[in-house]
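Trainee: Can you read through this structure? Questions will come right after.
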Amino acid sequence: MDALAIRFSPRLLQTELVQSCALLDGLDLAPLDSAEPPSPGTPVLYLLAPGESAPAQAGTDSYVCVVGDGAEDGPGDAQGGWLCIGSSPSLETFVNLTRTRWPFIPVAMAFARLRQEFDAQALVLDQLTEVSLALSSEHNYRRLLSLILSRALLLAGCDAGSLYLTIPEEEGPPAKLLFAAVQNDSKPTPFEETELWISKSSLAGYVAATGETLAIEDSYTIPREAPYRFNRAYDEQAGYRTKSQLVLPMLNQKGEITGVLQLINKKRNPSAILASPEKVEAEVVPFDASTISLMKTVGSLAAVAIDNNRLYQSIERLFEGFVHASVTAIEQRDPATSGHSLRVSVLTVELAEKAGRVERGPLAGLRFTPEQLREIRYAALLHDFGKVGVRESVLVKAKKLYPFELERVLTRLETARLCAERDILLRQVERLMAGAVTPQEMEAFARELRERTAKLDRFQEVILRANEPTVLPEGDFSALKEIAAASFTDRMGRRRALLEPEERAVLSIPKGSLSEEERLEIESHVTHTFHFLKQIPWTSELREIPEIAYAHHEKLNGRGYPRGIGAQAIPVQSRMMTVADIFDALSASDRPYKRAVPVDRALDILRDEAGAGLLDEALVKLFIEAKVYETTRHLSNLALAP
Ligand SMILES: [Fe+2]
Ligand SMILES: [Fe+2]
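So, in structure tokens, the structure goes:
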């Protein structure tokens, strides 16, 4: 409910009293003949011209004031009484005259004025809050600068403006400004980022050097004695007329000048286009005190936003550096997988982006924000970090037997050859000494030597072949059984096996190069990765990184590792990473235990695993059909760039 309703005679419309009341907020002010009735219960003040009377329906809470004659006799029809005052009273005179007679009227007016001031302040506060929120939520540096300028121009009702940033020096005050943004609503203005020396002779330079604010009524009539000049080059070239200007420093919390805001041509009507000098003359006004004050606050908000943004950028760079250093650390321990982390991250992010555009089928509705894509990228870059916790010999194990183990087996075979030779020679000598040797017998000795040596050579071939790891379970290891059963007698007369049971077990590994124990050790890298990533105080936007990386070797049917969780518990980001990880592990030619699998074959393997319920079928299909796998072709075998 309004505090007071005022119904005035149309004859009083132009009086100072009515005009002043119109500026107040919270009064129900309307002409006498208004169709709008005062709300019930609101006292009504009738402002009448001499000779007029209040409407017949005026109730008990109505008061009449005749403005303009000061006559003794007034209309007697207002229940609350009447008052005659002289012509053209000011609002202040009116308030003083009514103060003793009707004290509620000055109170209502004072209240309305307060409310008006409050509303104006609240509006400014709303605008500042809105600007502050907009600035703090923009993380893109270039967009932030444009946003600062456009919001400042909007709030100040200006036609054009520029934004300069101070370029910090290692020591001492900044010596240069960066011309960082420009906007002109009336003339399209080309923009090129340039650096300029801070000089007091230019407006922006003067403000950057002194920290003073310049409010200039007309840029073309700056007094000669002023240290700064307005450069008309732009105006002349663009056919523009710069008149009023506000050039102010953007001060951060420490009172340092982060930049300079230059606002040009404040307009009566903010949407006016200043297409001609006449239009400039008609529309452009000087900057008033409240706009200057508002812009100083906007400048400070902008400075803080720019500082925060720079801090944010440096944290980003720091973090990127940390991630790259971590990836380098993993890949230096295991140079054979160099570039794997980078390629998996590129493939996973590409798959996520493609999945985010799918409109039908099981992937429909999957959308990732830029922050979520960043989360996926970091998780993929760091997914194998836990390999730092795995013994290097296991990590780089290329064959089933470690080189020293193979050497031992080969030496044993060589010993067996020598022993066979020695054995036959001894027997030959024995026969020769007995003097009874025949040429046939000698031939038999030579044949035996050839056969025993050939057998050992064959064993060696079998062992060398069995020592090669395979990508898929394969191999016929029955030949190893024969070798394991074979033995020879050494010089000391001891029977010795050609192949120890452990060696046979290792050579019989059906897939890859690792024993069960070693496989478990390698698999522990996932748990190491998780514990390592858990230690990092991620921001809320990146908090899923440990969980995403933790599930990169899980399978939808629960047969993965380390936890054996099923489809429901595996995040979709991890499923995507798994597809990328397997594809890269297969197709890269950098694994110690295998040659690269051709791309087509690698894709077939992914299809097979999806068909067997291990991998997400829809993601594998998308990976293949959208040719996601081609994204890293140019990165093959490239180490992560520093
Ligand atoms: Fe892994
Ligand atoms: Fe991996």
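Just so you know, we're using this note's numbering here: the sequence shown kicks off at 197 and counts up by one.
Cβ atoms here follow ideal geometry from the backbone N, Cα and C, with glycine treated the same way.
So what does DSSP say about Ser-398, is it helix, strand or coil?
Mentor: Mapped onto the sequence shown, residue 398 falls at position 202. Three-state result, Ser-398: strand.
Trainee: Examine the Cβ distances between the region 527–545 and the region 566–576 and report whether three or more of them are shorter than 8 Å.
Mentor: Segment contact: the region 527–545 against the region 566–576, three or more CB-CB distances shorter than 8 Å; contact assigned.
Trainee: Just reading off the beta strand (DSSP E) that Glu-391 is part of, what are its end residues?
Mentor: Looking up residue 391 in the sequence shown gives position 195. Element bounds for Glu-391: 390–393.
Trainee: Got a sec? Which residues, its chain only, sit under 6 Å from Leu-577 by beta carbon, not counting five neighbours each side?
Mentor: As a first step, residue 577 is located in the sequence shown; it is residue number 381 there, counting from the start. In chain order, Val-519, Val-523, Ser-537, Ser-541 place their CB closer than 6 Å to the CB of Leu-577, counting only its own chain and leaving out the 5 sequence neighbours on each side.
Trainee: Can you give me the Cβ contacts of Leu-220 inside the same chain, cut-off strictly under 7 Å, excluding the 5 residues immediately before and after it?
Mentor: Your numbering for residue 220 matches position 24 in the sequence shown. Closer than 7 Å at the Cβ level, and outside the excluded window around Leu-220, lie Met-305, Ala-308, Arg-309, Gln-312.
Trainee: The alpha helix (DSSP H) that contains Met-688, what's its start and end?
Mentor: If you number the sequence shown from 1, residue 688 lands on position 492. Here Met-688 belongs to no alpha helix (DSSP H), and DSSP marks it neither H nor E.
Trainee: Contact criterion: CB-CB distance below 8 Å. Does Asp-804 meet it with respect to chain C?
Mentor: Considering every chain present, this structure includes no chain C. It has just one protein chain.
Trainee: Whole angstroms is fine: what's the gap from Thr-325's alpha carbon to Ala-763's?
Mentor: Position 129 of the sequence shown, counted from the start, is the residue given in the question as residue 325. Position 567 of the sequence shown, counted from the start, is the residue given in the question as residue 763. Cα to Cα, Thr-325 sits roughly 45 Å from Ala-763.
Trainee: Nearest CA to the CA of Phe-204: which residue from Pro-227, Leu-223, Leu-213?
Mentor: Position 8 of the sequence shown, counted from the first residue, corresponds to residue 204. Of Pro-227, Leu-223, Leu-213, the residue nearest in Cα terms is Pro-227.
Trainee: Compute the distance between the beta-carbons of Thr-385 and Gly-455, then report whether it is under 8 Å.
Mentor: Taking the first residue of the sequence shown as position 1, residue 385 is located at position 189. Taking the first residue of the sequence shown as position 1, residue 455 is located at position 259. Against a cut-off of 8 Å, the Cβ pair of Gly-455 and Thr-385 comes out as no contact.
Trainee: With a 10 Å radius around its C-beta and 16 neighbouring C-beta atoms as the bar for buried, classify Ala-318 as buried or exposed.
Mentor: Against the sequence shown, residue 318 aligns to sequence position 122. Exposed: under 16 other Cβ atoms inside 10 Å.
Trainee: I'd like to confirm the pairing. Which residues does DSSP put opposite Tyr-360 in its beta bridges?
Mentor: Position 164 of the sequence shown, counted from the start, is the residue given in the question as residue 360. For Tyr-360, which the question treats as bridged, DSSP gives the partners Phe-375, Val-456.
Trainee: Quick check for students: name the residue ranges of the alpha helix (DSSP H) that lie wholly in the region 308–371, counting only runs of 4 or more.
Mentor: 337–352
Trainee: Around the Cβ of Phe-819, are there at least 16 other Cβ atoms within 10 angstroms (buried) or fewer (exposed)?
Mentor: Here residue 819 corresponds to residue number 623 of the sequence shown, with the count starting at 1. Flag for Phe-819 reads buried.
Trainee: What separation, rounded to the nearest whole angstrom, lies between the Cα atoms of Leu-703 and Leu-597?
Mentor: As a working note, residue 703 is residue 507 in the sequence shown. As a working note, residue 597 is residue 401 in the sequence shown. Taking the Cα positions, Leu-703 is about 7 Å away from Leu-597.
Trainee: Quick check on the contact list: which residues have their beta carbon closer than 5 Å to a heavy atom of ligand 2?
Mentor: Neighbourhood of ligand 2, defined by CB distance below 5 Å to any of its heavy atoms: Asp-580, Asp-777, in chain order.
Trainee: State the CB to CB distance for the pair Ala-525 and Ile-741, rounded to an integer number of angstroms; the pair is presumed to be in contact (CB under 8 Å).
Mentor: Residue numbering aside, residue 525 sits at position 329 when the sequence shown is read from its first letter. Residue numbering aside, residue 741 sits at position 545 when the sequence shown is read from its first letter. Their Cβ separation, rounded to whole angstroms, is 17 Å, which puts Ala-525 and Ile-741 out of contact at 8 Å.
Trainee: At what residues does the alpha helix (DSSP H) containing Gln-509 begin and finish?
Mentor: Reading the sequence shown from its first residue, position 313 is the one you call residue 509. Here the alpha helix (DSSP H) through Gln-509 covers 485–529.
Trainee: Does the region 399–411 come within contact of the region 444–454, defined as at least 3 CB pairs closer than 8 Å?
Mentor: yes
Trainee: Using beta-carbon positions only, say whether Leu-562 and Met-491 come within less than 8 Å of one another.
Mentor: The residue labelled residue 562 in the question sits at position 366 within the sequence shown. The residue labelled residue 491 in the question sits at position 295 within the sequence shown. Cβ distance not < 8 Å, so Leu-562 and Met-491 don't count as in contact.
Trainee: Any heavy atom of ligand 1 closer than 7 Å to the CB of His-721?
Mentor: By one-based count along the sequence shown, residue 721 stands at place 525. His-721: yes, Cβ under 7 Å from ligand 1.
Trainee: For ligand 1, is there a heavy atom less than 7 Å away from the beta-carbon of His-335?
Mentor: As a working mapping, residue 335 is identified with position 139 in the sequence shown. No.
Trainee: So, are the CB atoms of Leu-244 and Gly-357 less than 8 Å apart?
Mentor: Locating residue 244 in the sequence shown gives position 48, where the first residue counts as 1. Locating residue 357 in the sequence shown gives position 161, where the first residue counts as 1. No, the Cβ-Cβ distance between Leu-244 and Gly-357 is not below 8 Å.
Trainee: How should Val-625 be labelled, buried or exposed, when 16 other C-beta atoms within 10 angstroms of its C-beta is the threshold for buried?
Mentor: For the purposes of this step, residue 625 is taken as residue 429 along the sequence shown, with counting starting at 1. Val-625 should be labelled exposed.
Trainee: Can you give me the Cβ contacts of Gly-585 inside the same chain, cut-off strictly under 6 Å, excluding the 5 residues immediately before and after it?
Mentor: Taking the first residue of the sequence shown as 1, we reach residue 585 at position 389. Listed in chain order, the non-local C-beta contacts of Gly-585 below 6 Å within the same chain comprise His-724, local neighbours out to five positions each way being set aside.
Trainee: Shortest alpha-carbon distance to Glu-603 belongs to which of Leu-811, Glu-699, Trp-278?
Mentor: Here residue 603 corresponds to residue number 407 of the sequence shown, with the count starting at 1. Checking every option, the nearest Cα to that of Glu-603 belongs to Glu-699.
Trainee: List, from N- to C-terminal side, the beta strand (DSSP E) runs of 3 residues or more that fit wholly inside the region 537–625.
Mentor: none
Trainee: What does DSSP give as the partner residue(s) for Trp-278 in the beta ladder?
Mentor: If you number the sequence shown from 1, residue 278 lands on position 82. The secondary-structure analysis by DSSP pairs Trp-278 across a beta bridge with Val-260.
Trainee: Hey, is His-727 close to ligand 1, as in C-beta under 7 Å from one of its heavy atoms?
Mentor: Here residue 727 refers to the residue found at position 531 when the sequence shown is read from its first residue. No; taking the cut-off as 7 Å, the Cβ of His-727 has no heavy atom of ligand 1 nearer than that.
Trainee: For ligand 1, is there any heavy atom lying closer than 7 Å to the beta carbon of His-748?
Mentor: In the sequence shown, the residue the question calls residue 748 occupies position 552. Yes, the beta carbon of His-748 sits closer than 7 Å to at least one heavy atom of ligand 1.
Trainee: Mind checking His-749: buried by the 16 CB within 10 Å criterion, or exposed?
Mentor: As a position in the sequence shown, residue 749 is number 553, starting the count at 1. Counting Cβ neighbours within 10 Å, His-749 comes out buried, since at least 16 surround it.
Trainee: What alpha helix (DSSP H) runs, 4 residues minimum, are completely inside the region 717–762?
Mentor: 741–746
Trainee: Distance check for Thr-211 and Leu-410, CA to CA, integer angstroms please.
Mentor: One-based indexing of the sequence shown puts residue 410 at position 214. One-based indexing of the sequence shown puts residue 211 at position 15. Roughly 38 Å separates the two Cα atoms.
Trainee: Three or more C-beta pairs closer than 8 Å, one from the region 364–382 and one from the region 343–354: is that the case here?
Mentor: yes
Trainee: State the CB to CB distance for the pair Met-773 and Ile-732, rounded to an integer number of angstroms; the pair is presumed to be in contact (CB under 8 Å).
Mentor: Here residue 773 refers to the residue found at position 577 of the sequence shown. Here residue 732 refers to the residue found at position 536 of the sequence shown. Not really, about 18 Å apart at Cβ, beyond 8 Å.
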